[in-house]
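In what follows, a structure is listed as C-alpha cells, so that the remarks can point back to it.
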Amino acid sequence: MEENDLLDVGPQAQLERLQQQLNADRLAVAFVAEFSRGKSELINAIFFADCGGRVLPSSAGRTTMCPTELLFDPAKPPGIELLPIDTRASHMTLSEYRAHPREWRSFPLDTGSASAMQVALSRVGEQRPVRREEALRMGFAVDPAGESGLRPDSHGMVHVPRWRHAVINFPHPLLQQGLVILDTPGLNAIGMEPELTLSLLPGAQAIVFILAADTGVTRTDLAVWHNYIVANGDDAQARIVVLNKIDGLWDGLRTQAEIDVEIGRQIDECARTLGVNRDRVFAVSAQKALLAKVHPDAQLLERSRISRLEEVLSLELLPAKRRLVTQDARHDAGIIVRGVRELLQARHAGAAEQLAELTRLRGKNRGVLEYLARRTVSDQQEFDLALRQYQAVRSVFSNLSNRLFRRLGPDAVREETRRTREAMLSATFSLGLRSAMSGYFQALREALRASSGEIDEIFQMLRAMYRRFAVEHGLKLGEPAPFSTARYEKEIARLETAFNHHLNTVFRILTMEKRALTEKFFETVVIQARRIFSIANRDAEAWLRGVMAPIEAQVREHQHQLRRRLENVRRIEVAAGTLEDRIGELNGTLCGLDRQIAQLDGIEAELRAALEPAAQAAA
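Heads up, the sequence shown is in this note's numbering, so the first residue is 35 and it goes up one at a time.
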C-alpha cells in the first residue's frame, strides 16, 4: 500500500491495530480448585513432566499461595516474576502494576534442571508472618476461628502469602501456541484478591475445575463452583471438570472392570451435582500421569487417563480461540482490502474515462477541445460545490464525534466516579451505599446506550454521504463499516454480576467499614469500568477514522483526476503531439492499475488461505 501511494492515516491505524491484536492474542485457561485437590500436580503432569520431576510444589495442604500465570513470552528469557504482597496496601491494581516492571522481583529458570526449577517455583508457596493490623491494611480478612478469614497463630501473628501474583515464563509447546494457564489458590485466597474474582477469572476463556475422587463434590467445592465459576459466565462448553486422584481406587482388591464402573458412577454424580454434561467431566490421576511421563511407562500413562484431557486443551480450546481470532482478522482485514480496492477502482475508472475522452479527440478541431475544457471546468465547479456540502457534513460529523467521545471518554467516567464516591462516603445506612454503587452501573449503561444512538446517527449520515458521492460523482464507495457498543455493554453487565456476587452482599456491607468498602469498590469495580470505557473509546476512535478514510481518499483522488483532465485538454490545445503521448501514458497507467488490482486479489487470496484452514480446524 505504501509503495503504491495507498497508505492513508486510517488504513495505517487499522493495520497497526490488527497487528497488535494478533501479536497480543492468547487463550487464558484458569485452573481452579480448593486446596488439596491436586491442582498443582495436574499442572506438573501436563506442562512440566519433560523437566524430569515434580517442579511446582504439590505436597499436602496449601502449596499455591498466590495467583500464578504460566505462559510463554519469546521476548523474555525463562523466569519467574513475583509481585510482593505489600503492594496490596496501595490503591494500584494488578493491571497497573504490570506496567511497572521495577515493582516485581525476577528470578531466572534453568529449564534444563528439574531441581533448579523446583527451587525457583517453590516461591509461589511462600508465606510470611505479619501483625494483625498489617494484614487488615493489606485487605486480608482476619478471623480467630479461621472460618471467614486468616487465623492468627498463638503469637497473634497472621501468616499471609509473600507474593501477590506470579508470572512464570516457560517454553512449553502448548504455551508457545498462545495458551496461558492461570493457577489460582483455594476458596479463601480467591476471595481475598478482588481483581482475581472481578477480572482474571471472568476474563479467562475456559475454566478447568479440579475435584478429588476421594472426597467428591464437597460443600466448599460447590461454593467455589457457584460463586466464582458459574457466576462469571454462561458458556458451559468453556468449563471442564477434572475428577483427580482416581488412583485412590487402585487398592488391589477390585478388578479393572469394577474400578471403571466406580469411576463412571463418580463422573455421573459430579455431572449431576454441578449441572454439566457428562462429556465435560474427565477422571484422571495427575500423580500417576506425572510418574508415567518422568519414567516412561505407556501402560501407566494410559491408565492415568491424562491424554483425553490434554487432547481437549490442545484440540478443542485452542482451535475455538483460533476461530474467534480468525473472525476478527477476516472482518478487519476485509475492511482494509475493500477500501484499497475501492480506491484502485476509482483510479482505474478515472484513468479509463480520461483515456476515452482523449481517444475521441483524435482528429477533432479546436472547438471540440474548447467544449471539453468547458465541460471539465463545469464538472470541477459541481464537485467544488459538493465539497462545500461535504465540509458542512464533515463539521456535523466532527460535532457528533466529540459528543460521542464526551460520553465514552475518561472525563465522563471520572466525573461519574467522583459523584459515586461522594454518595458512598455521605451515605448513612447500607441502603444508601448499595444505591450509590447500583447508580454507578446504571450511569455506565445509560452512557453506552446514548453512545449507541449517536453512533447510529453518525452511521446513517455517512451512509447517505457515501451514496450521494457514489451516484452523483461516480466514486467507488460501498457501505460504511458498522460499529456497536454491545460488546462493552456485555462487559459492564458481567462486571456488575461479579460485583453483586462478591462485594454487593449483605454480609460484606454489614461487616466492612464504610470507607474500606468504598476503597474496595474503587480498587476493583471502578478500575475495571475505566478499562472497559477506555477500550470502547479507543475502538470508537479507530472506527471513526476508518469510516472517514475511504471517502476522504476518494475525494482527493477525484480532485486529482479532474485537475488531470483539465490539464490534458489544455496541453493538447497547445501541442497536438501531446495527445498521443498522454494516451500512451494513460494506457500505461491502466496497465499498472490492473497489475495492482491483481496483486490485491493475490493478497486477499493469501489471507483467505491463511484464515480458512484455521476456521475449518476449529469447526
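We put the beta carbon where it would ideally sit given N, CA and C, even for glycine. Source: prediction; values computed, not measured.
{"Check": "Which of the three DSSP states, helix, strand or coil, is assigned to Val371?", "Outcome": "helix"}
{"Check": "In three-state terms, what does DSSP make of His199?", "Outcome": "strand"}
{"Check": "Leaving out five residues before and five after Leu308 in sequence, what residues of the same chain have Cβ atoms less than 7 Å from its Cβ?", "Outcome": "Val251, Trp259 and Val275"}
{"Check": "Consider the Cβ of Phe493: report whether some Cβ of chain C lies at a distance smaller than 7 Å.", "Outcome": "No chain C is part of this structure, which consists of one protein chain only."}
{"Check": "Can you give the Cα-Cα distance for Arg136 and Met151, rounded to whole angstroms?", "Outcome": "23 Å"}
{"Check": "Count Cβ pairs between the stretch 97-108 and the stretch 338-348 that sit closer than 8 Å; are there 3 or more?", "Outcome": "no"}
{"Check": "According to DSSP, is Ala380 helix, strand or coil?", "Outcome": "helix"}
{"Check": "What three-state label does DSSP hand Gln161 in the structure shown?", "Outcome": "strand"}
{"Check": "Per DSSP, what kind of secondary structure is Gly674 in: helix, strand or coil?", "Outcome": "Residue 674 lies beyond the residue range present for the chain, which begins at 35 and ends at 653; the question has no answer from this structure."}
{"Check": "Would you mind working out which of Ser149, Glu350 and Asn278 sits nearest Leu61, comparing C-alpha positions?", "Outcome": "Glu350"}
{"Check": "So Leu634 and Val371 are supposed to be a Cβ contact under 8 Å. How far apart are they, rounded?", "Outcome": "7 Å"}
{"Check": "Going by other Cβ atoms of all chains shown within 10 Å of its Cβ, with 16 needed for buried, is Ser338 buried or exposed?", "Outcome": "buried"}
{"Check": "Distance check for Leu170 and Ser190, CA to CA, integer angstroms please.", "Outcome": "What sits at residue 190 in the sequence shown is Gly, not Ser. When rounded, the distance between both Cα atoms is 13 Å."}
{"Check": "What three-state label does DSSP hand Val560 in the structure shown?", "Outcome": "helix"}
{"Check": "Please report the straight-line C-alpha distance between Leu184 and Lys279, rounded to a whole angstrom.", "Outcome": "28 Å"}
{"Check": "Any idea which residues DSSP pairs Asn278 with across the strands?", "Outcome": "Ala246"}
{"Check": "Since Ala380 and Leu509 should fall inside the 8 Å C-beta cutoff, what is the C-beta to C-beta distance between them, to a whole number of angstroms?", "Outcome": "6 Å"}
{"Check": "Which residues bound the beta strand (DSSP E) around Thr102?", "Outcome": "Thr102 to Leu105"}
{"Check": "Nearest to Ala323 by alpha carbon, out of Ala639, Arg312, Leu335 and Arg565?", "Outcome": "Leu335"}
{"Check": "Go ahead and pull the three-state DSSP assignment for Asp39.", "Outcome": "coil"}
{"Check": "Please go through the stretch 303-363 and give each complete beta strand (DSSP E) segment of 3 or more residues, from N-terminal end onward.", "Outcome": "315-317"}
{"Check": "Alpha helix (DSSP H) containing Glu75: first to last residue?", "Outcome": "Lys73 to Ile77"}
{"Check": "If you run the structure through DSSP and keep just helix, strand and coil, what is Phe431?", "Outcome": "helix"}
{"Check": "If you follow the alpha helix (DSSP H) that Ser140 is in, where does it begin and where does it stop?", "Outcome": "Here Ser140 belongs to no alpha helix (DSSP H); instead the beta strand (DSSP E) covers Arg139 to Pro142."}
{"Check": "Decide if Trp284 is buried, meaning its Cβ has at least 16 other Cβ atoms within 10 Å, or exposed.", "Outcome": "exposed"}
{"Check": "Going by the CB atoms, is the gap between Leu645 and Arg364 shorter than 7 Å?", "Outcome": "yes"}
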